[in-house]
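Undergrad: Sharing a structure, written as structure tokens. Questions coming.
In the working numbering, the protein residues as written are 39 to 244.
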């Protein structure tokens with residue numbers, strides 16, 4: 039029976055090959071390489087490696103949406119139709135999410151205030167709004183005469199600090215990585231690592 043075993047640490051994705059070489063990327067695009075140990079912050083009081091355990095941190099964003107509907111008299115308003123989504127919600131609109139009551143994920147802490155996210159997919163106008171004919175629909179960053187709703191994405195950064203069997207590889211921020219599958223069985227053979235930087239540059243590390 040296959041069972042999952044928690045290794046320790048915190049990452050967004052991992053990549054490995056047949057030699058047991060493992061790299062990972064955090065939500066903040068920091069690259070990490072696996073040291074071969076296990077344990078750390080999530081193993082307090084349990085068996086853990088005594089060596090190769092390092093401090094590891096990660097930063098991500100929590101998003102909520104401010105939604106408004108067009109009113110012929112007053113213009114866009116936070117007072118929608120009875121069938122509309124919450125005026126402050128998650129991306130789907132099914133869950134009410136206000137700035138005052140939205141909490142970071144478990145074991146994470148806020149490290150910024152709420153701010154308007156101008157990088158929302160689909161683009162925004164100068165004030166961060168995206169427009170659409172109705173909820174839900176395809177949003178765009180400009181208003182047309184057919185647009186009767188709009189939304190604005192707010193973001194807040196949160197951070198987790200833990201320990202685990204991962205060593206930070208500085209200083210280039212990475213978006214994705216790929217390890218070349220190893221054909222040779224020799225342990226000292228080099229394995230090429232390909233990566234895409236956070237800026238879109240193609241990188242290779244033998």
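The beta carbon of each residue, even a glycine, is placed where N, CA and C say it ideally should be.
#1: DSSP on residue 62, reduced to helix/strand/coil?
#2: Whole angstroms are fine: how far does the CA of residue 150 sit from the CA of residue 112?
#3: Starting from the N-terminal side, write out each stretch of the beta strand (DSSP E) that is 3 residues or longer and does not extend beyond the segment 148-236.
#4: Leaving out the 5 sequence neighbours to the left and right, which residues in its chain are closer than 7 Å to residue 154 when beta-carbon positions are compared?
#5: Closest to residue 59 by C-alpha separation, out of 129, 74 and 235, would be which residue?
#6: Who are the Cβ neighbours of residue 195 in its own chain at under 7 Å, not counting the five residues just before and after it?
#7: With a threshold of 8 Å, are at least 3 pairs of Cβ atoms found where one atom belongs to the segment 207-214 and the other to the segment 235-244?
#8: Is residue 31 buried or exposed, if buried means 16 or more other CB atoms sit within 10 Å of its CB?
#9: Give the secondary structure of residue 74 by DSSP, where H, G and I count as helix, E and B as strand, and everything else as coil.
#10: Do residue 202 and residue 64 have their beta-carbon atoms positioned less than 8 Å apart in this structure?
#11: As a quick exercise: from 43, 56, 94 and 61, pick the residue whose alpha carbon is nearest that of residue 243.
#12: Is the beta carbon of residue 173 closer than 8 Å to that of residue 131?
#13: Three-state secondary structure (DSSP) at residue 113?
#14: Please name the residue, chosen from 126, 230 and 146, that lies closest to residue 138 on a Cα-to-Cα basis.
#15: Strictly by DSSP, which residues pair up with residue 98?
#16: Which residues bound the beta strand (DSSP E) around residue 51?
#17: Leaving aside the five residues before and after residue 66 along the sequence, list all residues of the same chain whose C-beta is less than 6 Å from its C-beta, in chain order.
#18: By Cβ distance below 7 Å, which residues in the same chain neighbour residue 217 in space, the five residues on each side in sequence not counted?
#19: So, under 8 Å CB-CB, residue 94 and residue 70 are touching, yes? Tell me the CB distance rounded to an integer number of Å.
TA: Let's see:
#1: strand
#2: 33 Å
#3: 167-170, 187-202, 204-207, 212-217 and 231-235
#4: 166, 190 and 192
#5: 74
#6: 97, 99, 149 and 150
#7: yes
#8: In the structure as shown, the chain begins at 39 and stops at 244. Residue 31 is therefore absent and cannot be evaluated.
#9: coil
#10: No, the Cβ-Cβ distance between residue 64 and residue 202 is not below 8 Å.
#11: 61
#12: Yes, Cβ-Cβ distance for residue 131 and residue 173 is below 8 Å.
#13: strand
#14: Selected option, being the one with the closest Cα: 126.
#15: 196
#16: 51-54
#17: Excluding sequence neighbours, residue 66 sits near 96 and 97.
#18: For residue 217, where only same-chain residues beyond five positions count, the Cβ hits under 7 Å are 53, 54, 55, 59, 61, 229 and 231.
#19: 7 Å
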